[in-house]
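Top to bottom, those sequences are chains H and A. Residues in the first sequence are numbered from 79 upward in steps of one, following this note's numbering. Residues in the second sequence are numbered from 79 upward in steps of one, following this note's numbering. Comments concern the structure below.
2 protein chains.
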Amino acid sequence: MGELNIRHAVSGDRDAIWRILEPTFREGATYPLPRDISREEALAYWFAPGNAVFVAEAEATIVGTYYMRANQRGGGAHVANCGYMSAREAFGRGIARAMCMHSLDAARARGFTAMQSNFVVSSNERAVKLWQACGFRIVGTLPGAFMHPEHGAVDAFVMFREL
Amino acid sequence: MGELNIRHAVSGDRDAIWRILEPTFREGATYPLPRDISREEALAYWFAPGNAVFVAEAEATIVGTYYMRANQRGGGAHVANCGYMSAREAFGRGIARAMCMHSLDAARARGFTAMQSNFVVSSNERAVKLWQACGFRIVGTLPGAFMHPEHGAVDAFVMFREL
């Protein structure tokens, strides 16, 4: 894989983003969203009002995407929240990690002073380890809060780090 | 105070609900919302799509309100989330506790198997104690996640109970 370029998404990226989101949403093992979510609804979720959306490109192909938003409003607006997704064919190439590191800088640049993940499915061990490697720690455990399509009820973690 | 009647809100209750929400939102010490939120935006938040909204009446006066929704979708849709607010002139009369107990039954009736509060400001000790008395436990601590207008950065708690 060549150099990774992470940039703001434009509307012409929507097809590529949906190609990345669809298999993971359909599998239903990591994001708390309906497995049969439509393309339109999924993109509305990813590009929700207030979200900044980024894509990671390698050799002119989009191989990952993430969004950033304020996790709360008012007195909670200094804490960022992100959702990340890598293309399946590009797993294991460090794209998620690169996006996470990029998001920490982008969040600082926007004045956020912390970042929170509200719902990291505990059986998604790859993600848990990656966020921990990026400085996040588990600050909460939601018991049985996720019905995994294979494992049944599993815990979800709240993860947090200062910026 | 006479008997408390808790029922579904109707559109004619919106003025009474706003009268309850406004002083607390303006104070900005408990909900992570802009202190200058408009009536329209506050009611849109309380009556967001998917929310069930209830009011508590005593002697034909609305003295409290709460909303209930699924905290997540898809694999997380079995966990309810509520927001409660009592009229300031009725504080100390057990209205919040009555609404919380009502909400636990209403959530069970809707098939929810747990309830989560995502953001209980730690300095709101009255609320923390009340939810604990209603069976909630602190399952997470979000460090400095709330900028309190008087106290500065304070923790927020994630609270949870099975139903």
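Even glycine gets a Cβ: it sits at the ideal position worked out from N, Cα and C.
Under 6 angstroms Cβ to Cβ from residue i, same chain only, skipping five residues before and after it: list those, please.
i	result
A:Gly-128	Arg-147
A:Tyr-162	Tyr-144, Ala-174 and Met-177
A:Cys-160	Tyr-144, Met-146 and Ser-181
A:Ala-130	Met-146
A:Ala-165	Ile-98 and Val-141
Could you tell me the boundaries of the beta strand (DSSP E) in which residue i lies?
i	result
H:Thr-143	139–148
H:Val-236	230–240
A:Ser-164	157–164
H:Arg-85	82–86
H:Ala-223	215–226
A:Ala-136	130–136
Looking only at its own chain, which residues have a Cβ that is under 7 angstroms from the Cβ of residue i, when we skip the five neighbours before and after it?
i	result
H:Ala-223	Asp-233 and Ala-234
A:Met-179	Cys-212
Need the endpoints of the alpha helix (DSSP H) that residue i sits in, please.
i	result
A:Arg-103	In the sequence as displayed, the identity of residue 103 of chain A is Phe instead of Arg. 92–105 is the extent of the alpha helix (DSSP H) around A:Phe-103.
A:Asp-114	Careful: A:Asp-114 lies outside any alpha helix (DSSP H) and carries neither H nor E.
H:Ser-195	That residue, H:Ser-195, is in no alpha helix (DSSP H); its beta strand (DSSP E) goes 192–199.
H:Arg-175	173–187
H:Ala-211	203–211
Can you find the residues in the same chain that come closer than 8 angstroms, C-beta to C-beta, to residue i, ignoring five residues on each side of it along the sequence?
i	result
A:Gly-189	His-156
A:Pro-227	Glu-105, Gly-106, Ala-107 and Arg-113
A:Phe-214	Met-193, Ser-195, Met-237, Phe-238 and Arg-239
A:Asn-202	Ala-107 and Thr-108
So is residue i in contact with chain A if we call contact Cβ pairs under 9 angstroms?
i	result
H:Glu-240	yes
H:Val-236	yes
H:Phe-244	Residue 244 of chain H lies beyond the stretch modelled for chain H, which goes from 79 to 241, so this question has no answer here.
H:Thr-219	yes
H:Phe-197	yes
H:Ala-155	yes
H:Gly-222	yes
H:Arg-151	yes
H:Val-106	A quick correction: the sequence has Gly, not Val, at residue 106 of chain H. Judged by the 9 angstroms Cβ criterion, H:Gly-106 is in contact with chain A.
Does any C-beta atom of chain H lie closer than 9 angstroms to the C-beta of residue i?
i	result
A:Gln-210	no
A:Tyr-162	no
A:Leu-99	no
A:Tyr-109	yes
A:Met-225	yes
A:Gly-206	The question names Gly, but residue 206 of chain A is Val in the sequence shown. No, no contact with chain H.
A:Ala-122	no
A:Ile-84	no
A:Arg-117	no
A:Pro-112	yes
Can you round the beta-carbon distance between residue i and residue j to whole angstroms, since I take them to be within the 8 angstroms contact cut?
i	j	result
H:Leu-111	A:Gly-152	4 angstroms
H:Phe-326	H:Val-217	Past the edges of chain H, shown from 79 to 241, lies residue 326 of chain H, and the structure says nothing about it.
A:Leu-241	A:Arg-186	5 angstroms
H:Ala-134	H:Leu-208	Actually they are not in contact, since the Cβ atoms of H:Ala-134 and H:Leu-208 sit about 14 angstroms apart, beyond 8 angstroms.
**Request:** Taking 8 angstroms as the threshold, find out whether the segment 209–224 of chain H comes into contact with the segment 93–101 of chain A through three or more Cβ pairs.
**Result:** Of all C-beta pairs linking the segment 209–224 of chain H to the segment 93–101 of chain A, fewer than three are shorter than 8 angstroms, placing the two stretches out of contact.
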